[in-house]
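Before any comments, here is the structure.
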Amino acid sequence: MIDVLIDPGHGGHEVRGNSTPYGARGPSGVLEKDVNLRLAQAVAQHLGGLRAALTREDDRNLSLAERADLANRYGARTLLSLHANAGAPDARGPETWVHDRASGTSMALAHAVQRSLARYAGVDRGVHSGPLAVLTPERLPSDTAACLVEVDYLSDPMIEQQLRDDASIARLGAAIADGVRAHLGAPMALHPGSWSRGYAASALNQSFSVRHEVQLVPQPTGMSCWAASAAMVIGWRDRMSIDPELMARGEGMYAAFRDGLNPANVPQLARAFNLRMESPQSYTVEGFRQLLENNGPLWVGISPGPGALHAIVITGLESTSDPHNPKVYINDPWPPGRGKQVTTTYQDYIRQYEDAVPFIGVDIQILHSGGRAHRGRSWETSSVQAHSSYNAESHLAPPGWFDGYGSAGAPPAYGNRLPGETHPRVYEAHNFSDALRILTDWVSRRLRFIAGVPDASFFPHSAICKIVRSDGGEGSGFFIAPNVVLTAAHVVVGSGGNPVSSVRVIAGLNNNTPAWGDTTVQAANIKIHEGYLRGPKAGQSDFDMAIIKTGSYRVPHGQHFTAAEQYMSPAGGVVVCGYAARSHTYEQQRFSKDQQHLDIDTIRDLYDETFTFSAEARNGTSGSPVFYTDGNQIVASGILVNDVDNNDRSQAALTNVGCRLNQAKLNWIRNHS
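Here the sequence shown stands for residues 1 to 673, where the numbers follow this note's numbering.
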């Protein structure tokens, strides 16, 4: 029996089961598999007297089942699967995952490791759950605590350089080991130089100033302080101005925007906008300072007066002559239409914070973004004025945090939004820059919605095509080269596995207006992937892809999608956009089959040949691009090949399948284009 089984993810040069060999790849070519192995060795070195083993000690791959089998063979008390993440170029920070059927001990292990990593990195992306095969409880010993650690983003050039460095790997391994030791109750090891954030400067007698530049967002109505405060935190995180009403509508929370938010629904608010929740606790000055330093501005619920609850944003903390009573900087969304920036003392803030606790439903009082914006921070230890600054305006008691809570009627329902319940201003892109900015914003905030695209005259919409078969069937496709369209095989396959006799391709069609004309392509210029026609995966999603060579009919503006292998991890955001033929259930939406519709979601499961996500799609969207934004590019990482069943609103039926564009498929496209 061993205490810790450390599993370096990926490895080797061949796929084993559902385990891919290389994993993510950094901007300069660092491979995730190599980072994982070096890190696993560092973790083992820092576990001290704990008994540990690695699932692999060299460059070879194991299937996920083989990795789990080793946990049984060793009788491991804990299993750590180590990985490096990938995403947007500026994404940073560790996150830890457990299986969605994980035991309480697995959750405890994950939180212990994540806390230690967050202290090391200064960024906390939290603990998440999902159907990760390597952590499947039924495959592991019943008493094994298991988690998967995404140590940081290899896609960030700075992080990639750190993960090249042996000293950085050693410090990171020490941080993970400390989390494991804390979970198992082992004594903490001393790691000189392990912590890079300079916490020694936080001694009580030293001056400090923690300030975050946060745009003041007034609450639009008397009942919407919660939304305005959330908009401030999200706007800081995403570096843009946020409309609180639009934000609330985008997640189906307009009733709460109008009538006030039940405090019991704060966790739903956090999940909707990817904010982190802090469990209830009493904070020392130093603890609160670290919370603010590490996580950015704080959405906080307070009680500024008898019977009143109110949401504000803490933007800064600054020392005074009294080390126990620093100055607190606040963005207050009250009064409606104006808001105000005020200061108060820490002791007065704590009083209002604790006065909110007795209210029914109040549990989570602090939300934050996890510090992912990496901007506007100042925590130098320069000398500051030796007295506190107090502003009596901070005592103007508004109607209440979650304004309106306690009024007559049931608490507003959360999450009953019909697809398509969006604000008229949700999608107002008029050029490529607009589209890039809006789509990036939607993905980062996980606003899931469906909206008709009113203008398809610019990229990426101009590169998305409607495909009409010679027998009348319809689908979608998209240009991946000047005269090559990628689509799903089942959109163009006919009898006997041969292509239909011809297809009509219309780029950027908008409400029956083919601004760039169309072309008819004969079967000889349609190529269906052989894996879809024959073999063990014939007719399935794994190889459901085809190319259409359009000859002299070329992509508008010369702008086509970049196709790339999907390196993103579960929880990475994606967009799907195509031509929806009709809506079975929600006829009131009156979809135009000659207009593009789009939705976004996050990747739920990632496999060698496919990935899954849940988004609104309709018949006709098969063959649509599944894409994400990467800097100033829009990258297609898959093809929509299996959309949702709109007659069945169960979660299983709401799962889309994307045919993943891995390197082998990209080579196939190049060889046949």
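For each residue, glycine too, the CB sits at the ideal point set by N, CA and C.
What you are looking at is a predicted structure, and each value in this text was computed from that prediction instead of being measured.
Buried or exposed by the 16-neighbour rule on C-beta atoms within 10 Å, applied to residue i
| i | result |
| --- | --- |
| A24 | buried |
| S637 | buried |
| N656 | buried |
| S673 | exposed |
| G531 | buried |
| N662 | buried |
| A664 | exposed |
| H13 | exposed |
| S319 | buried |
| N671 | exposed |
| N265 | buried |
| P482 | exposed |
| Q596 | buried |
| N85 | buried |
| E231 | Rather than Glu, the amino acid found at residue 231 in this sequence is Ala. With 16 or more Cβ atoms within 10 Å of its Cβ, A231 is classed as buried. |
| R101 | exposed |
| Q633 | exposed |
| A167 | exposed |
| E354 | exposed |
Residue nearest to residue i in terms of C-alpha spacing, selected from the options
| i | options | result |
| --- | --- | --- |
| C225 | G337, V575 and Q633 | G337 |
| G578 | R604, L509, A523 and G301 | L509 |
| D594 | T629, V574, N512 and N662 | N512 |
| T105 | N36, A481, T78 and P335 | T78 |
| S501 | A515, H490, L486 and V521 | V521 |
| L148 | P8, I169 and I2 | P8 |
| Q290 | N667, A563, R119 and F613 | R119 |
| V217 | S207, M223 and S229 | S229 |
| E32 | A102, H46, A44 and D152 | D152 |
| A580 | K466, A507 and T136 | K466 |
| R92 | R237, G517 and I669 | R237 |
| A524 | A507, I547, F627 and W299 | I547 |
| I312 | L298, E95 and A167 | L298 |
| T562 | L37, V15, T629 and V453 | T629 |
| S103 | D90, N294, I603 and G130 | G130 |
| R16 | L37, R60, Q45 and L47 | R60 |
| D259 | T221, F288, R351 and Q341 | T221 |
Residues of its chain near residue i, where Cβ-Cβ distance is below 6 Å and the 5 sequence neighbours each way are ignored
| i | result |
| --- | --- |
| V134 | L64, R67 and S81 |
| A182 | A112 |
| L163 | V35 |
| A71 | L5, L79, L140 and T144 |
| Y329 | T315, G316 and T343 |
| E609 | D542 and R660 |
| F479 | A463, V485, V555 and H560 |
| A110 | T96, V98, V127 and C147 |
Contacts around residue i, its chain only, beta-carbon distance under 7 Å, and the 5 residues preceding and following it disregarded
| i | result |
| --- | --- |
| V493 | P499 and I528 |
| E160 | G26, P27, S28, V30 and L154 |
| D601 | R448, V574, F613, S614 and A615 |
Per DSSP, cross-strand counterpart(s) of residue i
| i | result |
| --- | --- |
| D455 | Answer is none; D455 lacks a bridge partner. |
| V628 | Before going on, a small fix: residue 628 reads as Tyr here, not Val. BP columns for Y628 point to V635. |
| D332 | K340 |
| L154 | Note: L154 sits in no beta bridge, so no partner. |
| M277 | L367 |
| G130 | H99 |
| F479 | V485 |
| A52 | V4 |
| W299 | V313 and L367 |
| L82 | P8 and V149 |
| I506 | K466 |
| C659 | T610 and I639 |
| I603 | F613 |
| G578 | H597 |
| T520 | R504 |
| V493 | P499 |
| E318 | S209 and K327 |
Own chain residues within Cβ distance below 8 Å of residue i, not counting five before or after
| i | result |
| --- | --- |
| S495 | none |
| A270 | R276, M277, I364 and L367 |
| Y607 | N18 and R660 |
| G339 | L216, V217, P218, Q219, A228, N331, D332 and P333 |
| R51 | M1, I2, D3 and V4 |
Heavy atom of the ligand ATP within 7 Å of residue i beta-carbon
| i | result |
| --- | --- |
| F478 | Among the components of this structure there are no ligands whatsoever, and the ligand ATP is therefore not found. |
(request) Report yes or no: do three or more beta-carbon pairs, one from the region 265-280 and one from the region 364-371, lie closer than 8 Å? (result) yes
(request) Flag this pair as touching only if the region 451-460 and the region 534-554 have three or more C-beta atom pairs under 8 Å; answer yes or no. (result) no
(request) Take every Cβ of the region 112-130, pair it with every Cβ of the region 50-63, and state whether three or more of those distances are shorter than 8 Å. (result) no
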